[in-house]
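S.K.: Sequence order for the protein chains is A and B.
Residue numbering for the first sequence follows my numbering, starting at 125 and increasing by one per position.
Residue numbering for the second sequence follows my numbering, starting at 125 and increasing by one per position.
Note that beta-carbon positions come from the ideal geometry of N, C-alpha and C, so glycine has one too.
Here the structure is a predicted model, which is why all the values come from computation and not from measurement.
Before anything else, here's the structure in question.
Number of protein chains: 2
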Amino acid sequence: MADLRLQIIVASTRPGRIGRSVADWFQPIAEAHGAFEVELVDLAEVALPMFDEPKHPRLRDYEHQHTKDWSDTVARADAFALVMPEYNHGFNAALKNALDYLAIEWAHKPVGAVSYGGVAGGTRAWQLLKPVLAVLQMTPVVEAVHIPFVHDHEDDEGRFAGDDVMAEAATAMLDSLHRTAEALRPLRSDLATG
Amino acid sequence: MADLRLQIIVASTRPGRIGRSVADWFQPIAEAHGAFEVELVDLAEVALPMFDEPKHPRLRDYEHQHTKDWSDTVARADAFALVMPEYNHGFNAALKNALDYLAIEWAHKPVGAVSYGGVAGGTRAWQLLKPVLAVLQMTPVVEAVHIPFVHDHEDDEGRFAGDDVMAEAATAMLDSLHRTAEALRPLRSDLATG
Chain A
125 MADLRLQIIV
135 ASTRPGRIGR
145 SVADWFQPIA
155 EAHGAFEVEL
165 VDLAEVALPM
175 FDEPKHPRLR
185 DYEHQHTKDW
195 SDTVARADAF
205 ALVMPEYNHG
215 FNAALKNALD
225 YLAIEWAHKP
235 VGAVSYGGVA
245 GGTRAWQLLK
255 PVLAVLQMTP
265 VVEAVHIPFV
275 HDHEDDEGRF
285 AGDDVMAEAA
295 TAMLDSLHRT
305 AEALRPLRSD
315 LATG
Chain B
125 MADLRLQIIV
135 ASTRPGRIGR
145 SVADWFQPIA
155 EAHGAFEVEL
165 VDLAEVALPM
175 FDEPKHPRLR
185 DYEHQHTKDW
195 SDTVARADAF
205 ALVMPEYNHG
215 FNAALKNALD
225 YLAIEWAHKP
235 VGAVSYGGVA
245 GGTRAWQLLK
255 PVLAVLQMTP
265 VVEAVHIPFV
275 HDHEDDEGRF
285 AGDDVMAEAA
295 TAMLDSLHRT
305 AEALRPLRSD
315 LATG
């Protein structure tokens, strides 16, 4: 049984988003891959307010229950797949907000992108995020699923279905997340039981 | 009388922020400069929720009253000074959220940074923001006020006071914002009365 946990984080929270549908396509691929216990984390359901902690997250001295809950959620993960949109060639605010709330909970964990958008398939948002991930001591993997013209892969009910190329990219990314999560294991603090 | 409006946008919204105090230092400098009618816009007071519009902002078909109000506010500006923190080497979520809500309201208007932080004085956040500003057709000016070790300039009551070098940088930035706002005037739509 897999003892590494992958969290699929749905970054878009707006009404009408396609992000949740992209995650619903990716999740069974991640489950079938077998290396991870898979957990879907939808930022629309997490519903964090705009960052409102008075102290720096590196102190891990959180005032609000929503922060403590978010800390518990992220602490139990070993790897992340960010299902992320591109807004104005950058990452969306809800994703940056969710990242900024915490610090050590993210550290020494690999992260991959399932990004989507128009012509660039969300690659600019992913690129802009890398300096932020570096500060959080996350390890972005180079294998990624980038989905250009995402609405071309939507059916009449708004369900997204990726093609074979995307599914192969997903598997390559999951392989890399698994290798990296295993390798970084000695660096990770056991925050979940700490 | 100045017929160009500068909005000083306070980007940090968290409790304990120093951003409002930095803006309170900058505002009288901007007023004394004389080129602009100066308006303080505090994102903590604007209090936008996480982006929740179903349609793309370029359509300018807003569903929510908070978006319509924000559109009216930004539309009446001719230039912006962003009083911005640096979170994880990037811009904070509240600022990206406020930018992403709108589109044409930002276009053809110059923008300068009054950024603050630790060793880098917020320069990394400002740098990371430039690709986003470019999509919005904003013109970042190179003159800027970057404040390293911002808490070294705070008194016992938490009031920030910049030094002479910062005040000179502010004046140079205001000069450049003024020249650029004048030059770009023919490109701006008159959204306020549109």
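#1: Going along the segment 217-235 of chain B in order, which residues come within less than 9 Å of chain A, judged by CB to CB distance?
#2: If I measure Cβ to Cβ from A:G286 and keep anything under 6 Å in the same chain, skipping five residues before and after, which residues do I get?
#3: Give a yes or no on whether 7 Å exceeds the smallest Cβ distance from B:V259 to chain A.
#4: List, in order along the chain, the chain B residues whose C-beta lies closer than 7 Å to that of A:P264?
#5: Using a Cβ-Cβ distance under 7 Å, would A:D176 count as near chain B?
#6: Which residues bound the beta strand (DSSP E) around B:F204?
#7: Kindly list the residues whose CB is nearer than 7 Å to the CB of A:G143, restricted to its own chain and excluding five residues on each side of it in sequence; keep chain order.
#8: If you draw a straight line from the alpha carbon of B:T317 to that of B:K192, how long is it in whole angstroms?
#9: Establish whether the CB of A:V165 and some CB of chain B are separated by less than 7 Å.
#10: Measuring alpha carbon to alpha carbon, tell me which residue in A:A244, A:V265 and A:Y225 is nearest A:N212.
#11: Could you tell me which residues DSSP puts in a beta bridge with B:T263?
#12: Starting from the beta carbon of A:P139, find every residue of chain B whose beta carbon is closer than 7 Å, and list them in chain order.
#13: Closer than 8 Å is the cut-off here; do at least three beta carbon pairs connect the segment 262-275 of chain B with the segment 289-306 of chain B?
#14: Drop a sphere of 10 angstroms on the beta-carbon of B:L311, count the other beta-carbons inside from all chains shown, and report buried for 16 or more, exposed for fewer.
#15: Counting contacts by CB-CB distance shorter than 7 Å, is B:Y186 in contact with chain C?
#16: Below 7 Å between beta carbons: does that hold for A:D202 and A:L128?
#17: Taking all protein chains shown into account, do 16 or more other C-beta atoms lie within 10 angstroms of the C-beta of A:F175, making it buried, or fewer, making it exposed?
#18: Do the segment 176-185 of chain A and the segment 219-238 of chain A make contact, defined as three or more Cβ pairs closer than 8 Å?
#19: In the structure shown, what three-state DSSP assignment does B:G241 receive?
#20: Under a three-way DSSP split, which group does A:G214 fall into?
#21: Near A:T304, what residues of its chain come up, given a Cβ to Cβ distance below 8 Å and the 5 sequence neighbours on each side ignored?
#22: For A:H275, which residues in the same chain have their Cβ closer than 8 Å to its Cβ, ignoring the five residues on either side in sequence?
#23: Measuring only between beta-carbons, confirm whether B:Y240 sits less than 7 Å from chain A.
#24: Can you find the residues in the same chain that come closer than 7 Å, C-beta to C-beta, to A:Q151, ignoring five residues on each side of it along the sequence?
#25: Beta-carbon within less than 7 Å of B:E155's beta-carbon, same chain only, minus the 5 sequence neighbours each way: which residues are those?
#26: Which of the three DSSP states is assigned to B:L164 in this structure?
#27: Beta-carbon within less than 6 Å of B:E278's beta-carbon, same chain only, minus the 5 sequence neighbours each way: which residues are those?
#28: Quick one: Cα of A:L167 to Cα of A:S239, how far?
#29: According to DSSP, simplified to helix, strand and coil, what is A:L226?
#30: When you compare each of A:A205, A:A217, A:K179 and A:A147 to A:P173 by their alpha carbons, which one comes out closest?
#31: Determine whether the Cβ of A:G214 lies closer than 7 Å to any Cβ atom of chain B.
#32: Report the CB separation of B:E177 from B:Y225 in whole angstroms; it is logged as a contact under 8 Å.
#33: Under 7 Å, Cβ to Cβ, is there at least one residue of chain B near A:P181?
#34: Starting from the beta carbon of B:V256, find every residue of chain A whose beta carbon is closer than 9 Å, and list them in chain order.
#35: For A:E292, which of helix, strand or coil comes out of DSSP?
#36: From the DSSP output, in three-state form, read off A:F150 for me.
M.R.: Result, derived from the coordinates:
#1: A217, A218, L219, K220, N221, A222, L223, D224 and A227
#2: W149
#3: yes
#4: Correct list: empty, because the minimum Cβ distance to chain B is about 14 Å.
#5: yes
#6: Looking at the DSSP string, the run of the beta strand (DSSP E) that includes B:F204 is A203 to M208.
#7: V134, A135, S136, V207 and P209
#8: Annotation note: pLDDT 45 at B:T317 (below 50); position unreliable, no value reported.
#9: no
#10: A:A244
#11: B:P234
#12: D176 and P178
#13: yes
#14: So B:L311 counts as exposed.
#15: Of the chains in the structure shown, none is chain C; the protein chains are A and B.
#16: yes
#17: buried
#18: yes
#19: coil
#20: strand
#21: A203, P234, T263 and V265
#22: I142
#23: no
#24: I132, V162 and L164
#25: V162
#26: strand
#27: F284
#28: 15 Å
#29: Judged by DSSP in its simplified three-state form, A:L226 adopts coil rather than helix or strand.
#30: A:A217
#31: yes
#32: About 7 Å; that satisfies the 8 Å criterion.
#33: Residue-level contact by beta carbon fails for A:P181 and chain B, as no gap is shorter than 7 Å.
#34: Within chain A, the residues whose beta carbon sits less than 9 Å from that of B:V256 are Y211, N212, H213, G214 and L252, listed in sequence order.
#35: helix
#36: helix
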